[in-house]
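**Q** Numbering (the working numbering), first residue to last: 564 to 816. Ideal Cβ positions, reconstructed from N, Cα and C, are used throughout, including at glycine. To start, I am sharing the structure in question, which I have written as structure tokens.
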């Protein structure tokens with residue numbers, strides 16, 4: 564069972580993503596920082612009322628970068644490299660195994676109209692290892708969320724979940740911490756204290772699950788036991804450090 568069908572995607576997930584390299588044809592060589600290829604996976608959505616797609620996708624050209632380039636963060640690569648390609652050349656296009664972290668997840672009901680088929684029902688934004696939301700300059704045209712993946716859109720992505728911080732909690736859970744503070748968990752980097760005071764360093768472990776989906780959780784409940792076991796050792800800050808060691812990034816606010 565694939566990762567996205569088994570667990571879905573959550574903000575904070577650290578994932579290895581890959582796509583097999585597949586034959587394609589170059590439509591246009593490197594121009595304005597992109598190479599354009601005739602996309603081997605999607606069909607043209609002739610029923611779209613708003614979008615007219617021509618079957619070509621422009622891929623941002625990879626560079627040895629220490630700062631984010633003026634363009635979209637690109638995961639796909641070509642073989643040979645873009646600088647060796649011209650219009651009409653045959654090439655391979657795919658994603659080598661790449662560690663990313665999830666910054667945003669959006670659901671589309673009905674599926675989003677994009678001009679290509681299949682229409683995506685989910686968008687997952689990711690940033691590759693070493694890039695953080697904070698590294699995108701304020702006021703620029705870059706929104707900081709990163710590259711948009713559309714799971715189950717015909718591209719044969721392979722995903723491996725490397726880390727899900729606070730996998731034993733669900734968004735909306737209410738917990739009590741070791742310092743006696745009550746919190747609402749909205750995500751691994753989004754903790755809301757009920758006392759209205761600043762969150763400070765975050766919740767103190769161990770945690771006690773107080774309520775889930777608006778219903779109290781008794782101490783013997785399986786979900787409460789999982790939270791107790793998951794926070795019996797370690798700390799919130801240790802979880803942050805482990806996440807940062809995998810991603811080379813700072814948490815997305």
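Taking the continuous alpha helix (DSSP H) assigned at residue 802, which residues delimit it?
**A** Start at 1 with the first residue of the chain shown, and residue 802 comes out as number 239. Residues 799 to 810.
**Q** Could you give the C-beta distance for residue 750 and residue 571, rounded to a whole number, given that I count them as a contact under 8 Å?
**A** Taking the chain shown and counting its residues from 1, the one referred to as residue 750 is at position 187. Taking the chain shown and counting its residues from 1, the one referred to as residue 571 is at position 8. About 13 Å separates the two Cβ atoms, so there is no contact after all.
**Q** Check residue 711 in the structure and name its three-state DSSP category.
**A** Against the chain shown, residue 711 aligns to sequence position 148. Residue state, collapsed to three classes: strand.
**Q** Tell me the rounded alpha-carbon separation between residue 743 and residue 799.
**A** As a first step, residue 743 is located in the chain shown; it is residue number 180 there, counting from the start. As a first step, residue 799 is located in the chain shown; it is residue number 236 there, counting from the start. If I take the Cα positions, the gap works out to 15 Å.
**Q** With distances taken between CB atoms, is the gap from residue 684 to residue 614 smaller than 7 Å?
**A** In the chain shown, the residue the question calls residue 684 occupies position 121. In the chain shown, the residue the question calls residue 614 occupies position 51. Not in contact: residue 684 and residue 614 (Cβ atoms no closer than 7 Å).
**Q** Report all residues from its chain with a CB closer than 8 Å to the CB of residue 658; omit the five preceding and five following residues, and keep chain order.
**A** In the chain shown, counting from the first residue as 1, residue 658 sits at position 95. 580, 581, 582, 638, 639, 640 and 720.
**Q** Between which two residues does the alpha helix (DSSP H) harbouring residue 636 extend?
**A** The count along the chain shown starts at 1 and reaches residue 636 at position 73. Unbroken run through residue 636: none, as it is neither H nor E.
**Q** Report yes if the C-beta distance between residue 709 and residue 687 is below 7 Å; otherwise report no.
**A** For the purposes of this step, residue 709 is taken as residue 146 along the chain shown, with counting starting at 1. For the purposes of this step, residue 687 is taken as residue 124 along the chain shown, with counting starting at 1. No, these two residues do not count as a Cβ contact at 7 Å.
**Q** Helix, strand or coil for residue 701? Go by DSSP, reduced to three states.
**A** Translated into the one-based positions of the chain shown, residue 701 becomes position 138. Because residue 701 carries a pLDDT of 49, less than 50, the predicted location of this residue cannot be relied on, and no value is offered for it.
**Q** Buried or exposed: which applies to residue 757, given that a residue is buried once 16 or more other Cβ atoms fall within 10 Å of its Cβ?
**A** Numbered from its first residue, the chain shown carries residue 757 at position 194. Exposed, by the Cβ-count rule.
**Q** Just the Cα atoms here: how many angstroms apart are residue 597 and residue 761?
**A** For the purposes of this step, residue 597 is taken as residue 34 along the chain shown, with counting starting at 1. For the purposes of this step, residue 761 is taken as residue 198 along the chain shown, with counting starting at 1. Taking the straight line from one Cα to the other gives about 45 Å.
**Q** Alpha carbon to alpha carbon, how far is residue 653 from residue 586?
**A** What you label residue 653 is simply residue 90 of the chain shown in a count that begins at 1. What you label residue 586 is simply residue 23 of the chain shown in a count that begins at 1. In a straight line, the C-alpha of residue 653 is about 7 Å away from that of residue 586.
**Q** Among residues of its own chain, excluding the 5 on either side of residue 603, which ones have a beta-carbon nearer than 8 Å to its beta-carbon?
**A** Residue 603 sits at position 40 when you count from the first residue of the chain shown. Same-chain partners within the cutoff: 585, 586, 587 and 656.
**Q** Here's the rule I'm using: 16 or more other beta-carbon atoms within 10 Å means buried, otherwise exposed. How should residue 820 be labelled?
**A** Nothing can be reported for residue 820: it is not among the residues displayed for the chain, which extend from 564 to 816.
**Q** List the DSSP bridge partners of residue 654.
**A** The residue given as residue 654 occupies position 91 in the chain shown. Partner(s): 587.
**Q** Report the option in 624, 734 and 616 whose CA atom is closest to the CA atom of residue 681.
**A** What you label residue 681 is simply residue 118 of the chain shown in a count that begins at 1. Residue 616 is the option with its Cα nearest to residue 681.
**Q** Measure the beta-carbon distance from residue 803 to residue 816 and round it to whole angstroms, keeping in mind my assumption that it falls under 8 Å.
**A** Within the chain shown, numbered from 1, the residue matching residue 803 stands at position 240. Within the chain shown, numbered from 1, the residue matching residue 816 stands at position 253. With a Cβ gap of about 13 Å, residue 803 and residue 816 do not count as contacting.
**Q** Rounded to the nearest angstrom, what separates residue 636 and residue 609 at their Cα positions?
**A** For the purposes of this step, residue 636 is taken as residue 73 along the chain shown, with counting starting at 1. For the purposes of this step, residue 609 is taken as residue 46 along the chain shown, with counting starting at 1. Using only the alpha carbons, I get a separation of about 29 Å.
**Q** Distance check for residue 592 and residue 704, CA to CA, integer angstroms please.
**A** As a first step, residue 704 must be located in the chain shown, where it is residue number 141. As a first step, residue 592 must be located in the chain shown, where it is residue number 29. Since pLDDT at residue 704 reaches only 48, below the 50 mark, its modelled position is unreliable, and the value read off the structure follows with that caveat. Cα-Cα distance, rounded: 25 Å.
**Q** Grab the span of the alpha helix (DSSP H) containing residue 789 for me, first residue to last.
**A** Taking the first residue of the chain shown as 1, we reach residue 789 at position 226. Where residue 789 is concerned, the enclosing alpha helix (DSSP H) stretches over 785 to 793.
**Q** Quick one: grab the DSSP three-state call for residue 645.
**A** Counting from one through the chain shown, the residue named residue 645 turns up at place 82. Helix at residue 645.
**Q** Tell me the rounded alpha-carbon separation between residue 713 and residue 786.
**A** Numbered from 1 along the chain shown, position 150 holds the residue referred to as residue 713. Numbered from 1 along the chain shown, position 223 holds the residue referred to as residue 786. Between residue 713 and residue 786, the C-alpha separation is close to 31 Å.
**Q** My output table needs one value for residue 567: the three-state DSSP class, helix, strand or coil.
**A** Position 4 of the chain shown holds residue 567. Three-state result, residue 567: helix.
**Q** According to the neighbour-count rule (16 or more other Cβ atoms, all chains shown, within 10 Å of its Cβ), is residue 878 buried or exposed?
**A** Summary: the structure shown does not reach residue 878, with the chain confined to residues 564 through 816, and so no result is reported for it.
**Q** What is the rounded straight-line gap between the Cα of residue 717 and the Cα of residue 673?
**A** For this step, residue 717 is matched to residue 154 along the chain shown. For this step, residue 673 is matched to residue 110 along the chain shown. Cα-Cα distance, rounded: 17 Å.
**Q** Can you list, in chain order, the residues of its chain with a C-beta nearer than 7 Å to that of residue 606? Leave out the 5 residues immediately preceding and following it.
**A** On the chain shown, residue 606 is found 43 positions in, with the first residue counted as 1. Hits under 7 Å: 679 and 680.
**Q** Does DSSP put residue 627 in a helix, a strand or coil?
**A** Within the chain shown, numbered from 1, the residue matching residue 627 stands at position 64. Summary for residue 627: the model assigns pLDDT 49, below 50, so the residue's position carries little reliability, and this model does not support an answer.
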